[in-house]
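In short: position in the sequence shown from 1, add 1491, done, that's this note's numbering.
We put the CB at the ideal spot given by N, CA and C, even for glycine.
First the structure, in the form of C-alpha coordinates, and then the observations on it.
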Amino acid sequence: MFLYFLIVILMLGVTSCAPKGITPSPYPTQKPMPRGDFPVEPVEKQPSVEEPKPRMIASLQLTQQAQSLIESRQADGAIRILEKAVALDPLNGRNYYYLSEAWLIKENTEQAASFNELASIHLSSDEKWRQRIANQKQRIKEQADLIKTE
(Lines of atoms letter the chains of each structure in order from A and count residues from 1; the text may use other names and numbers.)
(Lines give C-alpha, C1' and ligand atoms only; values in the text may rest on other atoms or scores of the structure.)
Protein backbone atom coordinates (compact mmCIF):
# COMPACT_ATOMS: atom_id res chain seq x y z
CA MET A 1 0.00 0.00 0.00
CA PHE A 2 2.83 2.34 0.78
CA LEU A 3 4.22 1.53 -2.62
CA TYR A 4 0.97 2.55 -4.34
CA PHE A 5 0.89 5.75 -2.32
CA LEU A 6 4.46 6.53 -3.34
CA ILE A 7 3.70 5.86 -7.02
CA VAL A 8 0.63 8.18 -6.91
CA ILE A 9 2.70 10.96 -5.29
CA LEU A 10 5.44 10.54 -7.89
CA MET A 11 2.89 10.59 -10.70
CA LEU A 12 1.35 13.81 -9.37
CA GLY A 13 4.76 15.38 -9.02
CA VAL A 14 5.84 14.41 -12.53
CA THR A 15 2.62 15.61 -14.17
CA SER A 16 2.65 18.92 -12.32
CA CYS A 17 6.12 19.68 -13.72
CA ALA A 18 5.03 19.03 -17.29
CA PRO A 19 5.06 22.13 -19.50
CA LYS A 20 1.73 23.75 -20.12
CA GLY A 21 0.29 23.61 -23.58
CA ILE A 22 0.70 26.76 -25.72
CA THR A 23 -2.57 28.59 -26.11
CA PRO A 24 -3.06 30.67 -29.25
CA SER A 25 -2.98 34.45 -28.85
CA PRO A 26 -6.34 36.18 -29.08
CA TYR A 27 -4.61 38.94 -31.16
CA PRO A 28 -3.81 38.42 -34.83
CA THR A 29 -0.15 37.91 -35.56
CA GLN A 30 1.76 39.59 -38.36
CA LYS A 31 2.83 37.38 -41.17
CA PRO A 32 6.47 37.59 -42.11
CA MET A 33 7.25 39.57 -45.24
CA PRO A 34 7.73 37.26 -48.22
CA ARG A 35 11.29 37.09 -49.42
CA GLY A 36 11.60 37.24 -53.13
CA ASP A 37 14.24 37.81 -55.71
CA PHE A 38 12.80 41.18 -56.65
CA PRO A 39 14.93 44.25 -55.82
CA VAL A 40 13.57 46.72 -53.35
CA GLU A 41 14.07 50.26 -54.54
CA PRO A 42 14.85 52.77 -51.82
CA VAL A 43 12.38 55.57 -51.39
CA GLU A 44 14.06 58.80 -52.34
CA LYS A 45 13.38 61.63 -49.98
CA GLN A 46 12.63 64.87 -51.68
CA PRO A 47 14.18 67.90 -50.03
CA SER A 48 11.48 69.39 -47.91
CA VAL A 49 10.33 72.63 -49.39
CA GLU A 50 8.20 74.15 -46.74
CA GLU A 51 5.66 76.63 -47.85
CA PRO A 52 5.76 79.77 -45.78
CA LYS A 53 3.36 79.60 -42.91
CA PRO A 54 0.80 82.36 -42.49
CA ARG A 55 2.51 83.53 -39.29
CA MET A 56 5.83 83.86 -41.13
CA ILE A 57 4.21 85.82 -43.94
CA ALA A 58 2.50 88.14 -41.48
CA SER A 59 5.78 88.64 -39.63
CA LEU A 60 7.60 89.55 -42.87
CA GLN A 61 4.88 92.04 -43.76
CA LEU A 62 5.22 93.66 -40.35
CA THR A 63 9.00 93.76 -40.79
CA GLN A 64 8.59 95.65 -44.06
CA GLN A 65 6.26 98.16 -42.38
CA ALA A 66 8.78 98.64 -39.58
CA GLN A 67 11.59 99.18 -42.09
CA SER A 68 9.66 102.08 -43.57
CA LEU A 69 9.14 103.59 -40.14
CA ILE A 70 12.84 103.22 -39.30
CA GLU A 71 13.79 104.94 -42.56
CA SER A 72 11.55 107.86 -41.56
CA ARG A 73 13.10 107.75 -38.03
CA GLN A 74 9.82 106.80 -36.29
CA ALA A 75 11.41 104.44 -33.78
CA ASP A 76 8.47 104.02 -31.38
CA GLY A 77 6.08 102.86 -34.10
CA ALA A 78 8.73 100.56 -35.54
CA ILE A 79 9.37 99.00 -32.13
CA ARG A 80 5.67 98.29 -31.59
CA ILE A 81 5.35 96.66 -35.00
CA LEU A 82 8.56 94.65 -34.65
CA GLU A 83 7.48 93.32 -31.25
CA LYS A 84 4.37 91.94 -32.94
CA ALA A 85 6.53 90.49 -35.73
CA VAL A 86 8.77 88.74 -33.18
CA ALA A 87 5.71 87.30 -31.45
CA LEU A 88 4.57 85.83 -34.78
CA ASP A 89 7.97 84.46 -35.84
CA PRO A 90 10.62 84.50 -33.11
CA LEU A 91 13.18 82.80 -35.39
CA ASN A 92 13.29 85.65 -37.92
CA GLY A 93 16.58 87.33 -37.08
CA ARG A 94 15.83 90.34 -39.27
CA ASN A 95 13.23 91.47 -36.76
CA TYR A 96 15.94 91.62 -34.08
CA TYR A 97 18.25 93.53 -36.42
CA TYR A 98 15.60 96.16 -37.08
CA LEU A 99 14.66 96.32 -33.40
CA SER A 100 18.29 97.11 -32.74
CA GLU A 101 18.15 99.85 -35.39
CA ALA A 102 15.04 101.35 -33.79
CA TRP A 103 16.64 101.38 -30.34
CA LEU A 104 19.73 102.94 -31.87
CA ILE A 105 17.55 105.78 -33.20
CA LYS A 106 16.23 106.26 -29.66
CA GLU A 107 19.87 106.28 -28.45
CA ASN A 108 19.27 103.34 -26.12
CA THR A 109 22.50 101.49 -26.79
CA GLU A 110 21.91 98.77 -24.19
CA GLN A 111 18.68 97.65 -25.84
CA ALA A 112 20.26 98.05 -29.28
CA ALA A 113 23.18 95.83 -28.24
CA SER A 114 20.83 93.17 -26.85
CA PHE A 115 18.84 92.95 -30.07
CA ASN A 116 22.03 93.07 -32.13
CA GLU A 117 23.24 89.99 -30.26
CA LEU A 118 19.95 88.18 -30.92
CA ALA A 119 20.19 89.08 -34.60
CA SER A 120 23.72 87.70 -34.76
CA ILE A 121 22.53 84.41 -33.25
CA HIS A 122 19.61 83.99 -35.66
CA LEU A 123 21.39 85.20 -38.80
CA SER A 124 24.79 83.60 -38.23
CA SER A 125 24.53 81.40 -41.33
CA ASP A 126 24.00 84.35 -43.72
CA GLU A 127 27.25 86.11 -44.67
CA LYS A 128 25.51 89.27 -45.91
CA TRP A 129 23.59 89.66 -42.67
CA ARG A 130 26.63 88.83 -40.52
CA GLN A 131 28.40 91.81 -42.12
CA ARG A 132 25.43 94.11 -41.58
CA ILE A 133 25.19 92.99 -37.94
CA ALA A 134 28.92 93.60 -37.42
CA ASN A 135 28.56 97.11 -38.87
CA GLN A 136 25.57 97.75 -36.64
CA LYS A 137 27.49 96.52 -33.61
CA GLN A 138 30.27 98.99 -34.40
CA ARG A 139 27.74 101.85 -34.70
CA ILE A 140 26.23 100.86 -31.34
CA LYS A 141 29.68 100.92 -29.74
CA GLU A 142 30.47 104.32 -31.26
CA GLN A 143 27.16 105.76 -30.08
CA ALA A 144 27.66 104.32 -26.57
CA ASP A 145 31.13 105.89 -26.41
CA LEU A 146 29.71 109.21 -27.60
CA ILE A 147 26.98 109.11 -24.93
CA LYS A 148 29.57 108.37 -22.21
CA THR A 149 31.66 111.40 -23.15
CA GLU A 150 28.68 113.77 -23.00
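With respect to the C-alpha of LYS1619, the residue from GLU1598, GLY1584, LEU1573 having the closest C-alpha is GLY1584. Counting along the chain, the unbroken alpha helix (DSSP H) around MET1547 starts and ends at 1545-1562. Residues of the same chain with a CB within less than 8 Å of the CB of MET1492, apart from the 5 flanking positions on each side, do not exist. Note on TYR1495: under 16 other CB atoms within 10 angstroms of its CB, so exposed under the neighbour-count rule.
Ranked by Cα distance from VAL1577, the options GLU1641, SER1615, SER1550, ALA1569 are led by SER1550. LYS1639: member of the alpha helix (DSSP H) spanning 1618-1640, first to last residue. The straight-line gap separating the alpha-carbon atoms of ASN1607 and LEU1595 is approximately 10 Å. According to the DSSP assignment, ASN1586 belongs to the alpha helix (DSSP H) that extends over 1584-1596. Going by DSSP, LEU1579 is part of the alpha helix (DSSP H) stretching over 1566-1579.
Contact between ALA1635 and THR1600 holds: CB atoms are separated by about 4 Å, below the 8 Å threshold.
A straight line joining the alpha-carbon of LEU1614 with that of SER1591 spans about 14 Å. The alpha carbon of LYS1544 has as its nearest neighbour, out of ARG1564, LEU1573, ASP1580, the alpha carbon of ASP1580. The beta carbon of ILE1561 is closer than 8 Å to those of ALA1569, TYR1589, GLU1592, ALA1593, ILE1596 in its chain, skipping five residues each way along the sequence. For SER1615, the secondary structure class from DSSP, reduced to helix, strand or coil, is coil. Residue state for GLU1542 is assigned as coil, using DSSP reduced to three classes.
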